[in-house]
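Per my numbering, the sequence shown starts with residue 12, numbered consecutively. We put the CB at the ideal spot given by N, CA and C, even for glycine. Treat the numbers as computed from the prediction; the structure is a model and nothing was measured. One structure is given below, encoded as structure tokens.
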Amino acid sequence: MHKKHTIDASEKKIGRVATEAAVVLMGKNDPAHKRHILPTSRVEIINCGKADIRDKKMRGKTYTWYSGYPGGLKSEKLRDMAVRKGVKEAFKLAIYGMLPHNKLRAKIMKNLTISE
12 MHKKHTIDAS EKKIGRVATE AAVVLMGKND PAHKRHILPT SRVEIINCGK ADIRDKKMRG
72 KTYTWYSGYP GGLKSEKLRD MAVRKGVKEA FKLAIYGMLP HNKLRAKIMK NLTISE
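What follows is the structure, encoded as structure tokens:
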């Protein structure tokens with residue numbers, strides 16, 4: 012049985028929405044929660060384009076990743092990423108970072124849908 016939770020992100024901060032979504036995705040809101048079993052709950056985040064993101068965060072937040080090659084350290088500001096991929100990518104990365112770093116992480120992320 013899949014439980015579906017809908018979170019309205021309009022006028023909310025990215026971190027607050029991401030925390031709520033991560034808790035539900037991990038199944039911690041369920042009394043029968045077990046860490047080693049994949050939870051069946053699904054989360055849908057709507058109106059993420061209307062989220063409350065301050066201009067200071069847009070200019071200051073930097074996402075960094077490494078390609079694995081020499082000189083392959085890359086970075087991008089939140090503003091540039093929002094133009095290129097949309098604000099939903101920021102929500103996705105925030106939730107991804109809040110999930111446990113184990114084999115279930117990728118499977119849990121498949122239960123997340125985000126819409127602008």
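(message) Taking DSSP's pairing of strands, which residues face Lys15 in a bridge?
(response) Paired residues: Arg53.
(message) So, for Lys23: in the same chain, excluding its five sequence neighbours on each side, which residues have a beta-carbon less than 7 Å away from its beta-carbon?
(response) Within the same chain, Lys23 has close Cβ partners Ala62 and Asp63.
(request) Grab the span of the beta strand (DSSP E) containing Glu87 for me, first residue to last. (result) Bounds of the beta strand (DSSP E) holding Glu87 are Leu84 to Lys88.
(message) Beta-carbon within less than 7 Å of Lys68's beta-carbon, same chain only, minus the 5 sequence neighbours each way: which residues are those?
(response) Leu89
(message) Can you give me the C-alpha to C-alpha distance between Ala32 and Tyr77, rounded to a whole angstrom?
(response) 27 Å
(request) State the DSSP-derived secondary structure class of Ile119, mapped to helix, strand or coil. (result) helix
(message) Spatial neighbours of Thr17 within its chain, please: C-beta separation below 7 Å, excluding the five flanking residues on both sides.
(response) Glu55 and Ile57
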